[in-house]
Amino acid sequence: MEKPTPPADYECCESGCEPCVWDTYSEELAAFKAYEAEQKKLNPEATPSTPDA
1147 MEKPTPPADY
1157 ECCESGCEPC
1167 VWDTYSEELA
1177 AFKAYEAEQK
1187 KLNPEATPST
1197 PDA
């Protein structure tokens, strides 16, 4: 699983869309962090795939 990329400035129209690109990013980032935490439990000696942000 790859760490999600934050939306570019031009991708958010700031008009209150539902869902906003930032909502989607936040959900994807939470899923990524949960995945990494699970992987760390399964293999505590493994090196993280990405540095913490």
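For the sequence shown, this note's numbering assigns the number 1147 to the initial residue and increments by one for each residue that follows.
Backbone N, C-alpha and C define an ideal beta-carbon position, used for all residues, glycine too.
Predicted, not measured: the structure shown is a model, and the values here were computed from it.
Apart from the 5 residues on each side of it in sequence, Y1171 sits with its Cβ closer than 7 Å to the Cβ of P1150, P1152 and P1153 in its chain, given in chain order.
Collapsing the DSSP output to three states places E1184 in a helix.
Distance from W1168 to C1159 at the Cβ level is roughly 11 Å; contact not present, criterion being Cβ atoms closer than 8 Å. Scanning its chain for C-beta atoms nearer than 8 Å, with the 5 sequence neighbours on each side dropped, one finds around A1192 the residues Q1185 and K1186, in chain order.
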